[in-house]
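So the structure is just underneath, and the comments pick up after that.
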Amino acid sequence: MSPPSPETVLRIAHVVSASMWVGAVFMASMIDWPVIERINPSFPFELIVGQGRRVFPAVYLAIFLIGATGVGLIWLSPPLEGSALAALALKGAAFAVMAGITLYGTLVSWPKLQLATAAEAKLLYGAYIRRAYVVFGCGVLGLAVGIWLGEA
């Protein structure tokens with residue numbers, strides 16, 4: 002059995018990283034938050050801040066790996082036809098939206114959340130969760146386009 006090609010290794014790292022990021026967003030926004038809201042009507046600062054601190058390194062590692070492996074995949078196998086170029090543009094746009102929202106959440110939303118009252122925090126976190134839905138949707142779109150074209 003021969004070792005996997007560099008392209009295969011990059012593709013696996015790319016998909017695993019994307020799945021890690023999208024999975025973290027899914028877990029936090031669609032599973033954890035609704036349960037937390039029902040159990041604790043006041044804003045659970047310790048849990049949310051702790052969750053953010055634990056997830057932060059994995060999410061930013063995933064963002065870096067998605068970008069680096071994406072560039073590597075383009076370099077090893079440049080898209081030459083219309084559908085591949087369109088898919089690359091769509092996946093690139095989805096990645097840019099995801100990264101932008103994630104950076105905004107880290108640099109703007111989290112600092113505000115640290116200084117907010119419980120009532121303000123609930124409103125801020127609600128907006129944060131709605132942006133997380135957009136990140137999740139863009140991630141699923143990127144993965145679906147890759148799978149549809151046999152590139153994931």
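Per the numbering used here, the sequence shown starts with residue 2, numbered consecutively. Just so you know, even glycine gets a beta-carbon here, dropped at the ideal spot from N, CA and C. Quick caveat: nothing in here was measured; it's all calculated off a predicted structure.
For residue i, name the three-state secondary structure that DSSP assigns.
i: G68; result: helix
i: A63; result: helix
i: M2; result: coil
i: E38; result: helix
i: A103; result: Ala is not the amino acid found at residue 103; the sequence shown has Thr there. It is helical.
i: F44; result: coil
i: E121; result: helix
i: E82; result: coil
i: L150; result: coil
Residue i and residue j look like a contact to me (Cβ under 8 angstroms); what is the Cβ gap, rounded to whole Å?
i: L114; j: Y126; result: 7 angstroms
i: K190; j: G147; result: The displayed coordinates of the chain run from 2 to 153. Any statement about residue 190 would go beyond what the structure contains.
i: S43; j: L150; result: In fact, because the Cβ distance is near 47 angstroms, the residues do not count as touching under 8 angstroms.
i: E121; j: S78; result: Contact doesn't hold; Cβ gap of about 49 angstroms is too wide.
i: F137; j: S30; result: 7 angstroms
Can you give me the Cβ contacts of residue i inside the same chain, cut-off strictly under 7 angstroms, excluding the 5 residues immediately before and after it?
i: V60; result: W22, A25, T103
i: Q14; result: The displayed chain sequence assigns Ala, not Gln, to residue 14. L66, T70, listed in sequence order.
i: I130; result: S30, W34
I'd like the list of long-range same chain contacts for residue i, defined as Cβ closer than 6 angstroms, with 5 residues on each side in sequence excluded.
i: S18; result: A63, L66, I67
i: A95; result: C139, L142, G143
i: V98; result: C139
Spatial neighbours of residue i within its chain, please: CB distance less than 8 angstroms, with the 5 preceding and 5 following residues excluded, ordered by chain position.
i: A128; result: S110
i: G53; result: W111
Inter-stretch contact (C-beta, 8 angstroms, three-pair minimum) for the segment 35–47 and the segment 74–83: no
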